[in-house]
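Residue numbers (my numbering): 127 to 237.
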């Protein structure tokens with residue numbers, strides 16, 4: 127019996143966040159939770175991209191998505207913040223720079 131940790135032949139590795147990438151994302155998330163703007167999140171890893179989605183309320187559609195697409199690293203940059211309507215709010219190669227989109231916006235809860 128062989129315990130080979132490598133993926134099977136033909137299977138591609140999934141894209142996911144590492145600890146250095148999750149740290150600034152979770153700092154922004156924590157700040158927005160403390161302000162009462164966000165209440166929940168989901169992390170998805172896939173073949174082409176990883177996604178950190180934030181929600182204003184549980185059960186709603188994601189308010190924002192932070193995407194990592196390594197295939198775009200040499201072109202537009204692998205990081206993107208996508209708004210609720212699917213519009214790309216910011217894209218780039220440097221995660222902290224892309225996350226600054228949340229610093230420049232004034233968020234208000236509308237009920």
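The C-beta atom is built at its ideal place from N, Cα and C for all residues, glycine as well.
By DSSP, does residue 139 sit in helix, in strand, or in coil? Three-state DSSP puts residue 139 in coil, outside helix and strand.
Specify the secondary structure class of residue 218 as computed by DSSP and reduced to three states. The answer is strand: DSSP assigns residue 218 an E or B state.
Determine contact between the stretch 199-212 and the stretch 156-166, defined as no fewer than three beta-carbon pairs at a distance below 8 Å. Segments in contact, no.
Going straight from the alpha carbon of residue 183 to that of residue 139, what length do you get? If you take the alpha carbons of residue 183 and residue 139, they lie about 32 Å apart.
What does the Cβ neighbour count give for residue 195, buried or exposed, with the cut at 16 atoms within 10 Å? Looking at its Cβ environment, which holds 16 or more other Cβ atoms inside 10 Å, residue 195 is buried.
Option nearest residue 141 by Cα separation, candidates 175, 152, 149 and 168: Selected option, being the one with the closest Cα: 175.
Return the CA-CA distance between residue 152 and residue 162, expressed in angstroms with no decimal places. Cα to Cα, the separation comes out at about 15 Å.
Would you give the residue range spanned by the beta strand (DSSP E) that residue 193 belongs to? Residue 193 -> beta strand (DSSP E) spans 190-194.
Just to confirm, is the Cβ distance from residue 189 to residue 181 under 8 Å? Cβ atoms of residue 189 and residue 181: closer than 8 Å.
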